[in-house]
Structure formats: structure tokens, C-alpha cells
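The structure appears right after this line, and notes come after that.
There are 2 protein chains.
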Amino acid sequence: MSLLVVGSVAYDGIETPFGKTDRILGGSATYISLTSSYFTKPVNLVGVVGKDFADEDIELLKSKDIDLQGLQIDNSGNTFFWSGKYHYDLNNRDTLDTQLNVFERFDPVIPEAYKDAKFIALGNIEPSLQSKVLDQVSNPGFVVMDTMNFWIEGTPDALKETLKKVDLLVINDSEARELANEPNLLKAAEIVMSMGPTSLIIKKGEHGALLFTGSEIFSAPAYPVIDIFDPTGAGDSFLGGMLGWLAYTDDLSSHNMRRAVIMGSVMASFCVEKFGPERLKDLTEKEIYDRYREFRELSEIPDFDEF
Amino acid sequence: MSLLVVGSVAYDGIETPFGKTDRILGGSATYISLTSSYFTKPVNLVGVVGKDFADEDIELLKSKDIDLQGLQIDNSGNTFFWSGKYHYDLNNRDTLDTQLNVFERFDPVIPEAYKDAKFIALGNIEPSLQSKVLDQVSNPGFVVMDTMNFWIEGTPDALKETLKKVDLLVINDSEARELANEPNLLKAAEIVMSMGPTSLIIKKGEHGALLFTGSEIFSAPAYPVIDIFDPTGAGDSFLGGMLGWLAYTDDLSSHNMRRAVIMGSVMASFCVEKFGPERLKDLTEKEIYDRYREFRELSEIPDFDEF
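From first to last, the protein sequence lines are chains A and B. First residue of the first sequence? That's 1 in our numbering, and the numbers climb one at a time after it. First residue of the second sequence? That's 1001 in our numbering, and the numbers climb one at a time after it.
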């Protein structure tokens, strides 16, 4: 199944306790596309870049069979640029610079060829733009959405409108608590699901993730990465791996949603091993499936009847 | 297999957002004994109580086949009393009152009949007293120890001496970080295990627990309890359920240690459903095993090969 990905394409400047890069390919649509491309083809990307966007980055995306018909090239300015510095514990970061550039005027236009998309990933952009994407798709089958505290606080009404049209929301624990205005995470999940999404994934960083589908809960472990090199893109890689798997299998059962959560966790665990999307350029099928098996072993509870 | 439990026996005054009790049976040895008694018999309790200790509490312990030969009754004073108030989020509490009473002079004496104990639970008491217990046991087979920040900060040398004699340490994540002086939890686990214990359990509250056995890691989920009534005793109930299972099965394989962690999680999840040890008085085997199965379902990752 094809997959429609809408989000930012950017350059990032990243400093972590382990190193520094002044400019590396980034953005939510980039990470989602790269990771989902390991599972399903084609990945149809909708985004905008500026006149400075490098040919080698176009080639990288194309090499992964990512369709770029929907990537606007706006020669009036430069590509969205963000730079930040991670603290020692890697759970917090300071934004050093944000230059929206051509992204400030981003108006997602869905090419004709993409309009019958069944699986749709709405990366973390302004909620009204996320809605605008859905309005252009003829019959959206399964819509996954990311968002952040900036929109929860800044544009709550537009966010709630978009949420009504979404099948699965993927957010982190602090965002879930803020969106629901409820400190208890399980109660927050109920409240968020009453806003529209029939499924919800709450990412808990080093504590794994929770998947809520109807009345069922799945608790996914975190991969024990001793040395996280750079957390940038981990959340988007999670979303891409997860939705890539769902689009590939075209199976939305809660059973298969569990697999999707683990595929997302697998891709996130690779992402953090190197700077930016470096580790996502040349993964092998064997590496991906081996790590999936590691997740299974990590959390396998033996039946006591077998004893 | 019999189980030796050493720790505090106390009365607690507890206030949570859901209610208040002025005086209820408590203490680490109480919770460990009650929970382990569902799995193995006899549970041999070593502790001290004062002249105010109620006959009905003696009867409760006896009704669970908990052997009280090792329970000293010191008529010179009252039983250890603690009272505290939990905050709205139940993750933090303020101690309102601590009256050590007869516990201040607690000198654990292991009765002859207990000295061949193979499975030993050292509840959270002064590390030098924990060592003293081990010195009296002829051939300790598997020693599990709990401790807390108070001893990590106050008596680090005695704590490190005791750690050398321990097989499994059970602590929470903040204690592990403090003991190892290392913020990264996985690195902290390595450091703590270099201090003596061959196995380590790190409890993460609402995020479950990690079991480290040699180079293997097991990630156990937390049970999604929407309404935690009273967290008092949850950690000791975890320890009791876990060690009770190990003593019952007499199997220390990493495979069976995983089962033990889940049995501990099961007992902790029951403990928090009512005030103090109320919920631990009349559990059925079916309730326990059904909840074990719920834990399995909660974290089961389907194999993708089955797809």
C-alpha cells in the first residue's frame, strides 16, 4: 500500500554530549519517509524546501523510492532550519535557532496521484494545515497524526477539529497529560480518545510506549540503548516505522497494531544510534527483523502453566 | 521451600486523596510475609512489636501460616508507628510522624529452626542489621535485599558490605541512580551489580520494572491500575510475591526469575487497590493467576513470522 507523508523537510544543527553537526538533513516528513520506506512503497512525500536544498538529499530520498512529486521547491528562500543542543541526560534540549524560511508559507498541495491514499501520516505541523491535507484526500482510510505542546497551547481549537478526523494519535506522555488536562496517564488516554482518535499511542521515552485500541492496552518496552548518540528524529522514526508496517500489511487489527508499535520502536532505536538520519540510510531487513526479535525477548513473560 | 523474612512490623497512619486511616497494620516484613504466603509455606518472620500489638493482627499473620517464633514482643514500649500523607499524584508523600518505639532497639535473632533457610528476604532496615541476619544463617542460598535512599546516604559503607553478601537487590530507579552515582539507568545497573548482587531489579513505579540477570535484561510492564487507592506496601508486596514464587518453584533460572518479577508485580497491583494490607488478606489463587495472565496479554508482542 502507498503511504502519504506530510510534514517538514529541514536542515538541523545538532549538538549532543557526543558530538556536533552544523547542518544535517532533518524534518518530520524526512524521518517518517525514510523509516516507512523500509516497509512499503511508494512513500509519497508532501513538503517544501528552499533554494539551498542539496541535490544529494534529493538523491537520498529518491534512492529509497520516496516519491517527490509533492515536494515543492520554493526558490524564494532557504529550507527550514533548526538548531538545538541536548543536555547531558538527552531528555531535554535547548533550541538555539529556528529559521522557518520557506516553511513559513507552506501550503500543502496534494498531487492528483496521491489523492486516493489510504494510509496518511500527518507529521507535526500546524493543525489547520493537517486538516487541509485531509480535505484534499478523497477517502482517507487510516490517518495518523503527531502534534506537540506548541499546538496544544497555541491553537487548541484547530487541534481539536483535526483530532476529530484522525484514527490514531501519537504523542508523548507530557503532551497527553497537557491535552487532557489530567495528570493520571490512563485517565488522560481516555479523555484524549474521547476527542476523536479510535487509537492512541503514548510514547514514554526510555520507558517505552502504550498503545490504546478500544478497551485494550498494549505496553511496549523501550530498547535498552546504553549510548544514545542523538535523539533527534526518534519520534518521527517511530511514527514512520509503525505506519510503514501497517501500510505494508494493510491489517489494522489490534494484534497487528502491536507489531506496528514494535516496528516503530525498532526504527526509533536505530535512529538514535547516529547523528540525524545517518543510521536510517542503509539498514538491512535482517537488522530490522533481528531487533524486532530482541524486543520480543526483552519483554517475554513465560507462561507459568509451562512450568 | 521455607522463606525467612526480616524487616519491620508496624502500624501506619495513611492519608491518600481517597481516604484516611489512623492506624493499620504495616511494615516491610508484614507485607513481604503476607504476599509470599500465597506461594510458599512456611514463611518465617523475624521482627519486633510492642505491647500495643493487637491480637487480631497476630491472628491474621497466623491464619496465613506465617511462623511467628521469630517475632519478638517487647513489652517495654509500643510498636513502630509511621504516618504519612500522599499527594494527589500518589508518587510523592510527606511523612507526618515517625515513632520508632521498640523498633529502635531491634536486634534480629534468628531462631534455631530458621537457620537453614535457603530463601531470605531482607526488608528495608539498617544495612548492618541485614548483615547480622546473614551471619546467623548457616548456608544462605538466595538472599534478596531491599534498601532506600536513607541508607544509601547515611550508612554507605555498611550498605556496601551487605551488598557483597546479596544475590538480588531490589530498588527503585532513583535509588539505583543514587547508589551508582550515574544518571543513565542502564549504566547505573552495571555499576550496582559490580558491587555484589548477581541479579538486580529496578522498580520504575507506573513504568514497570527491569530485571538484570547477567547480560540479560527483562522489561516488565506495569499493571494499568486506573485508581490506585493507597500505594503503601507496594514495593514490599512486589518483593514478597517475587521471592514467594522463587521459593515455591526453587528455580533460579533467568526464565523463572521473569515469572517471579511478574508475580511480584501482580501482588503489588493488588496491594494498591485498598488501604494498607486489606486487599492481601483474602486473595484467591484464581485472582492471582488471572492477573498474571493479564500481564502476559498486556505486553505480548506477536511474532511477525506468524503473519
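All C-beta atoms, glycine included, are put in the ideal place defined by N, C-alpha and C.
- Got a sec, what are the start and stop residues for the alpha helix (DSSP H) B:Arg1259 sits in? Position 259 of the second sequence, counted from the first residue, corresponds to residue 1259 of chain B. Note, B:Arg1259: alpha helix (DSSP H), 1254–1271.
**Prompt:** For B:Tyr1038 versus B:Leu1025, is the C-beta spacing smaller than 8 Å?
**Reply:** Translated into positions along the second sequence, residue 1038 of chain B becomes position 38. Translated into positions along the second sequence, residue 1025 of chain B becomes position 25. Not a contact, by the Cβ cut-off of 8 Å.
- Query: Using the beta-carbon count (16 or more within 10 Å), is B:Asn1101 buried or exposed?
  - Reply: Working through the second sequence from its first residue, we reach residue 1101 of chain B at position 101. When all chains shown are included, B:Asn1101 counts as buried.
- prompt: A:Thr40 by DSSP, collapsed to three states: which one?
  reply: Mapped onto the first sequence, residue 40 of chain A falls at position 40. Three-state result, A:Thr40: coil.
In chain order, what are the residue ranges of uninterrupted beta strand (DSSP E) at least 3 long that sit wholly in the region 132–159 of chain A? 142–146
Kindly indicate which three-state DSSP category B:Phe1218 falls into: helix, strand or coil? The residue given as residue 1218 of chain B occupies position 218 in the second sequence. B:Phe1218 falls in the strand class under three-state DSSP.
Taking A:Arg23 as part of the alpha helix (DSSP H), name the residues at either end of that continuous run. On the first sequence, residue 23 of chain A is found 23 positions in, with the first residue counted as 1. That residue, A:Arg23, is in no alpha helix (DSSP H); its beta strand (DSSP E) goes 19–26.
Spatial distance of A:Phe307 from B:Ala1247 (CA atoms): In the first sequence, residue 307 of chain A corresponds to position 307, counting from 1. In the second sequence, residue 1247 of chain B corresponds to position 247, counting from 1. Unreliable positioning characterises A:Phe307 in this predicted model, as indicated by a pLDDT of 49, which lies under 50. A coordinate reading is not provided.
Practice item. Please list the residues of the region 172–191 of chain A that have a C-beta atom closer than 8 Å to any C-beta atom in chain B, keeping them in chain order. Key: Pro183, Asn184, Leu185, Leu186, Lys187
Notebook entry, point to check: From the beta carbon of A:Leu211, is the nearest beta carbon of chain B less than 8 Å away?
Noted result: As a first step, residue 211 of chain A must be located in the first sequence, where it is residue number 211. No, its Cβ sits nowhere closer than 8 Å to a Cβ of chain B.
Margin query: Based on DSSP bridge pairs, tell me the residues matched to A:Leu4.
Written below: To locate residue 4 of chain A, count along the first sequence from 1; it is residue 4. Per DSSP, A:Asn44, A:Ile120.
Can you give me, in chain order, the residues of the region 1274–1304 of chain B that have a beta carbon less than 9 Å from any beta carbon in chain A? Tyr1289, Tyr1292, Arg1293, Phe1295, Arg1296, Glu1297, Leu1298, Ser1299, Glu1300, Ile1301, Pro1302, Asp1303, Phe1304
>> For A:Glu294, which residues in the same chain have their Cβ closer than 8 Å to its Cβ, ignoring the five residues on either side in sequence?
In response: Looking up residue 294 of chain A in the first sequence gives position 294. Tyr223.
If you pair each beta-carbon of the region 176–194 of chain A with each one of the region 1176–1185 of chain B, do three or more pairs fall below 8 Å?
no
Buried or exposed, going by whether 16 or more other CB atoms sit within 10 Å of the CB of B:Ser1063?
As a working note, residue 1063 of chain B is residue 63 in the second sequence. B:Ser1063 should be labelled exposed.
Q) Near A:Ser33, which residues of its chain fall below 8 Å by C-beta distance, leaving aside the five closest residues on each side in sequence? A) Counting from 1 along the first sequence, the entry for residue 33 of chain A is found at position 33. Answer for A:Ser33: Val5, Val43, Leu45, Leu61, Lys64, Ile66, Gly240, listed in chain order.
**OP:** Give a yes or no on whether 8 Å exceeds the smallest Cβ distance from A:Lys132 to chain B.
**Re:** Working through the first sequence from its first residue, we reach residue 132 of chain A at position 132. For A:Lys132, the answer is no, since every Cβ of chain B falls outside 8 Å of its Cβ.
**Asked** Would you say B:Glu1206 faces chain A, with C-beta separation under 8 Å as the test?
**Response** Against the second sequence, residue 1206 of chain B aligns to sequence position 206. Interface residue, yes.
Report, in whole angstroms, the separation of the C-beta atoms of A:Val143 and A:Val166, which I expect to be a contact under 8 Å.
As a first step, residue 143 of chain A is located in the first sequence; it is residue number 143 there, counting from the start. As a first step, residue 166 of chain A is located in the first sequence; it is residue number 166 there, counting from the start. Contact flag correct, Cβ pair sits at about 5 Å.
* Simplified DSSP assignment, three categories, for B:Asn1172 -> The count along the second sequence starts at 1 and reaches residue 1172 of chain B at position 172. If DSSP states are grouped into helix, strand and coil, B:Asn1172 belongs with the strands.
Exercise for review: Grab me the residues of A:Gly77's own chain with a C-beta within less than 8 Å of its C-beta, minus the 5 sequence neighbours each way, in chain order.
Suggested key: Mapped onto the first sequence, residue 77 of chain A falls at position 77. Once the five neighbours on either side are set aside, the close Cβ partners of A:Gly77 are Gly50, Lys51, Asn101, Val102.
Distance, B:Met1195 Cα to A:Ser131 Cα: Residue mapping note: residue 131 of chain A aligns to position 131 of the first sequence, counting from 1. Residue mapping note: residue 1195 of chain B aligns to position 195 of the second sequence, counting from 1. Distance between the alpha carbons of A:Ser131 and B:Met1195 is about 56 Å.
With a threshold of 8 Å between beta carbons, is A:Pro231 in contact with chain B?
Taking the first sequence and counting its residues from 1, the one referred to as residue 231 of chain A is at position 231. Judged by the 8 Å Cβ criterion, A:Pro231 is not in contact with chain B.
inquiry  = Checking 8 Å against the spacing of the C-beta atoms, do A:Arg93 and B:Phe1304 come in under that value?
reply    = For the purposes of this step, residue 93 of chain A is taken as residue 93 along the first sequence, with counting starting at 1. For the purposes of this step, residue 1304 of chain B is taken as residue 304 along the second sequence, with counting starting at 1. Taking 8 Å as the Cβ cut-off, A:Arg93 and B:Phe1304 do not qualify as a contacting pair.
B:Gly1070 lies in the beta strand (DSSP E); which residues open and close that run?
Mapped onto the second sequence, residue 1070 of chain B falls at position 70. First-last of the beta strand (DSSP E) with B:Gly1070: 1066–1074.
Legend entry - Backbone CA spacing between A:Asp230 and A:Leu280 [nearest angstrom]: The residue given as residue 230 of chain A occupies position 230 in the first sequence. The residue given as residue 280 of chain A occupies position 280 in the first sequence. The straight-line gap from Cα to Cα measures roughly 13 Å.
Output needed in chain order: residues of the region 1238–1259 of chain B with a Cβ under 9 Å from some Cβ in chain A. Trp1245, Thr1249, Asp1251, His1255, Asn1256, Arg1258, Arg1259
Report task. Could you check the C-alpha separation between B:Ser1269 and B:Ala1234 for me, to the nearest Å? Result -> Residue 1269 of chain B sits at position 269 when you count from the first residue of the second sequence. Residue 1234 of chain B sits at position 234 when you count from the first residue of the second sequence. Taking the straight line joining both Cα atoms gives about 7 Å.
Minimum C-alpha distance to B:Asp1227 - residue among B:Gly1141, B:Ala1188, B:Val1170, B:Pro1017: The residue you call residue 1227 of chain B lines up with position 227 of the second sequence. Closest by alpha carbon: B:Pro1017.
Are there 16 or more other CB atoms within 10 angstroms of the CB of A:His87, so buried, or fewer, so exposed? Taking the first residue of the first sequence as position 1, residue 87 of chain A is located at position 87. Exposed, because fewer than 16 other Cβ atoms sit within 10 Å of the Cβ of A:His87.
CB contact check: A:Ser219 to chain B, cutoff 8 Å: In the first sequence, the residue the question calls residue 219 of chain A occupies position 219. A:Ser219 counts as touching chain B.
Would you mind telling me which residues of chain B sit closer than 8 Å to A:Ile226, beta carbon to beta carbon, in chain order?
-> To locate residue 226 of chain A, count along the first sequence from 1; it is residue 226. Residues of chain B passing the Cβ test: Asn1184, Leu1186, Lys1187.
### Query
What first and last residue would you give for the alpha helix (DSSP H) that runs through B:Tyr1292?
In the second sequence, counting from the first residue as 1, residue 1292 of chain B sits at position 292. Its alpha helix (DSSP H) spans residues 1285–1299.
Review point. Along chain A, which residues have their Cβ under 8 Å away from the Cβ of B:Asp1094?
Key: One-based indexing of the second sequence puts residue 1094 of chain B at position 94. Those within 8 Å of B:Asp1094 in chain A number zero; the least Cβ separation is about 18 Å.
> In chain B, which residues lie with their C-beta within 8 Å of the C-beta of A:Ile262?
Replying inline: On the first sequence, residue 262 of chain A is found 262 positions in, with the first residue counted as 1. Result: Ile1301.
Q) Whose Cβ in chain A lies nearer than 7 Å to the Cβ of B:Asp1089? A) As a position in the second sequence, residue 1089 of chain B is number 89, starting the count at 1. Here the neighbours are Pro183.
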